[in-house]
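Peer 1: FYI, in my numbering the residues of the sequence shown are 1055 to 1283.
Beta carbons are placed, not taken as given, at the ideal position from N, Cα and C, and that holds for glycine.
Owing to the predicted nature of the structure, the values given are computational and were not obtained by experimental measurement.
Dumping the structure here so I can ask a few things about it.
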Amino acid sequence: QNAIEIRGLRKTYAASKGAPDKEALKGVDLDIPQGSVFGLLGPNGAGKSTLINILAGLVVKTAGQVTIWGFDQDVNPRQSRASIGVMPQELNLDPFFTPRGALEVQAGLYGVPKSQRHSDEILRLVGLEDKAEAYARTLSGGMRRRLLLAKALVHTPHVLVLDEPTAGVDIELRQMLWENVRRLNREGMTVILTTHYLEEAEEMCDEIAIINQGDLVARDSTVNLLSRL
Ligand code: ADP
Ligand code: ADP
1055 QNAIEIRGLR KTYAASKGAP DKEALKGVDL DIPQGSVFGL LGPNGAGKST LINILAGLVV
1115 KTAGQVTIWG FDQDVNPRQS RASIGVMPQE LNLDPFFTPR GALEVQAGLY GVPKSQRHSD
1175 EILRLVGLED KAEAYARTLS GGMRRRLLLA KALVHTPHVL VLDEPTAGVD IELRQMLWEN
1235 VRRLNREGMT VILTTHYLEE AEEMCDEIAI INQGDLVARD STVNLLSRL
């Protein structure tokens, strides 16, 4: 069973400010199996964030088909969105929300019933229990990342996506992230992460896809891929 199925995915950003049209994805086919930790590896500008943001429903694709947990994004947009949680790269948070407040709002957006909300547990798992009532504008970059992970988990998605989770992150936070990824994956969550560090993909991922200039150039188990490099 595949958690994600991508067929012929294309994204062209329209020209703006003198820059020409940009083909960020040139027809990507990719299956991501259920239960894996899957790495999307590639240099800056390869198209990783574009792909992630299309999965998240934040960027509109130009062409192709995306199926998340069996739900075609175009046919069943609500179910497909409910199946995935994304920890974005940007640290954008409403400055006047506290972590607890932001999680409540997020739970509301996803229609999580009050009885099934577990903000305290999530805040503890990401190490934010002491900051639950602090305004986001007072949170450090590391704390914001913790909150972004917490937000991605509020609706207990089947698939968790982390976009460059460790870029510019200290050791403690990196450990927190990896511990959570391993635990969630053990509990059955499919995890997809993007990185431009091969060592990181090697350490964390069962399978890796390499993307370059909008094309998928390789895809294999981590063991096989490394033996070919
Ligand atoms: P990666 O995440 O691998 O660094 P991106 O998906 O961010 O790659 O970018 C892929 C290409 O698309 C890059 O050339 C980038 O400059 C371009 N791009 C990304 N977002 C936009 C946008 N909003 N408008 C125009 N071009 C964009
Ligand atoms: P982003 O656009 O990256 O989600 P925002 O600053 O818009 O960042 O929002 C941060 C969080 O605060 C959102 O996830 C949302 O749950 C919550 N939020 C934003 N605006 C409002 C609002 N007007 N009322 C209630 N909650 C909001």
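1) Are the beta-carbon atoms of V1091 and D1217 separated by less than 7 Å?
2) Could you check whether the Cβ of T1249 sits closer than 6 Å to any heavy atom belonging to ligand 1?
3) Can you name, in chain order, every residue of its own chain whose Cβ lies under 6 Å from the Cβ of V1129, other than the five neighbours on each side?
4) Rounding to the nearest angstrom, what Cα-Cα distance links M1197 and P1167 in this structure?
5) Assuming A1161 is part of the beta strand (DSSP E), what are its boundary residues?
6) Beta-carbon within less than 6 Å of L1231's beta-carbon, same chain only, minus the 5 sequence neighbours each way: which residues are those?
7) With a cut-off of 8 Å, do at least 3 Cβ pairs link the stretch 1097-1114 to the stretch 1244-1252?
8) In three-state DSSP terms, what is E1183?
9) Decide if Q1170 is buried, meaning its Cβ has at least 16 other Cβ atoms within 10 Å, or exposed.
10) DSSP three-state label for L1063, please.
11) For the alpha helix (DSSP H) containing L1109, list its first residue and its last residue.
12) Under 6 Å from any heavy atom of ligand 1, does the C-beta of N1266 make it?
Peer 2: Per the coordinate set shown:
1) It is not a contact, given that the beta carbons lie outside the stated cut-off.
2) Checking every heavy atom of ligand 1 against the Cβ of T1249, none is found closer than 6 Å.
3) Answer for V1129: no residue qualifies.
4) Roughly 26 Å between the two C-alpha positions.
5) For A1161, no beta strand (DSSP E) encloses it; the enclosing alpha helix (DSSP H) starts and ends at 1153-1163.
6) Here L1231 has P1219 as same chain residues with Cβ atoms under 6 Å from its own Cβ, once five neighbours each way along the sequence are excluded.
7) At 8 Å Cβ cutoff, the stretches touch.
8) The DSSP-derived three-state label of E1183 is helix.
9) Exposed, because fewer than 16 other Cβ atoms sit within 10 Å of the Cβ of Q1170.
10) Strand, per DSSP.
11) 1102-1109 is the span of the alpha helix (DSSP H), which, as asked, contains L1109.
12) No; taking the cut-off as 6 Å, the Cβ of N1266 has no heavy atom of ligand 1 nearer than that.
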